[in-house]
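Notes for the one structure printed next.
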Amino acid sequence: MIRVEKTKEPESWLLHRLTPGAKYEPTADLRESLLADQGYICAYCMRRIPVSDKGANETSHIEHVVPQSSLTREEAMDYGNMVICCPGAINSTSAKLCHCDRHKRETSVSFSPFDENFISTLSYSGDGTIKSSNPVYDRELNDVLNLNVNILKANRKAVKQKLQSSFGKRQLKKSDIEKILQVYSSKDSEGKRKEYCGVVINYLTKKLRQF
812 MIRVEKTKEP
822 ESWLLHRLTP
832 GAKYEPTADL
842 RESLLADQGY
852 ICAYCMRRIP
862 VSDKGANETS
872 HIEHVVPQSS
882 LTREEAMDYG
892 NMVICCPGAI
902 NSTSAKLCHC
912 DRHKRETSVS
922 FSPFDENFIS
932 TLSYSGDGTI
942 KSSNPVYDRE
952 LNDVLNLNVN
962 ILKANRKAVK
972 QKLQSSFGKR
982 QLKKSDIEKI
992 LQVYSSKDSE
1002 GKRKEYCGVV
1012 INYLTKKLRQ
1022 F
């Protein structure tokens, strides 16, 4: 995961939520603004979105970090509480294999994807497992978001291995690592982040500490 950086809500959404009696309803402008904020990757698993998943009827899903069931009508339209996620069912609609918002549903989590302090607790093991040094966060990553299903672990592992293989046997200088880190920490010319970029950012940040 990476910290989700929020921009200003789209004007069309501002006008909608200020309309007397208005209720939350996903709109194309709202969806596109959230995608742009996140660089077209899922807020939780970092997959590229929009994407089609087996058995899912949408290619991305607007998620309320604090569940809608615990919010007032006005609070449910707060742009600052929204992220956008993948459909959450790569290979199956089975509850055991679903992940991200599709698995979370109306369950609360104690961390925030907007909080750098939370992101700093994360790490990735050799097999692609995402972990948190905070035991409560770690449990929620597994039990609420189900981010360690095999396919996600394999995808994260593959991204790290591909990066490592690109180095070959050459000894990287600090400046080399900083340049690569900048690429993975930024959006490209199309406003997109690299898929699973958080894995690489975490790995390269640790390597920089060795200098």
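Residue numbers (my numbering): 812 to 1022. Glycine included, each C-beta is placed from N, C-alpha and C at the ideal position.
Pull up the distance between the alpha-carbon of Asp912 and that of Leu845, whole angstroms please. 15 Å
Helix, strand or coil at Cys896 according to DSSP, with G and I counted as helix: strand
DSSP state of Ile930, grouped into three classes? helix
Just to confirm, are Asp864 and Pro898 a CB contact at a threshold of 9 Å? yes
Beta-carbon within less than 6 Å of Val947's beta-carbon, same chain only, minus the 5 sequence neighbours each way: which residues are those? Ser921
How should Ala900 be labelled, buried or exposed, when 16 other C-beta atoms within 10 angstroms of its C-beta is the threshold for buried? buried
Would the beta-carbon of Ile873 fall within 9 Å of that of Met893? yes
Does Met888 get closer than 9 Å to chain D when you measure Cβ to Cβ? No chain D is present in this structure, which holds just one protein chain.
How big is the Cα-Cα spacing for Glu1006 and Glu917? 26 Å
Where do the ends of the alpha helix (DSSP H) carrying Lys990 lie? Lys985 to Ser996
Would you give the residue range spanned by the alpha helix (DSSP H) that Glu874 belongs to? Looking at the DSSP string, Glu874 is not in any alpha helix (DSSP H); the run it does join, the beta strand (DSSP E), is His872 to His875.
Report yes if the CB atom of Tyr935 is closer than 9 Å to the CB atom of Val876, and no otherwise. no
Is the CB-CB distance between Thr943 and Leu956 below 9 Å? Here the sequence assigns Ser to residue 943, which means Thr is not the residue at that position. No, these two residues do not count as a Cβ contact at 9 Å.
Skipping 5 residues on each side, what residues in its chain have a beta carbon closer than 7 Å to that of Ile988? Leu1015, Lys1018 and Leu1019
Report the option in Glu885, Lys907, Glu843 and Glu886 whose CA atom is closest to the CA atom of Ser871. Glu843
Residues in its own chain within less than 6 Å of Cys1008 by CB, not counting five upstream and five downstream? Tyr995
Give me the residue from Gln1021, Glu816 and Pro821 with the minimum Cα distance to Asp840. Pro821
If the criterion is Cβ atoms closer than 9 Å, does the pair Lys964 and Thr932 meet it? no
Neighbour-count burial assignment, Asn961, 16 or more Cβ in a 10 Å radius: exposed
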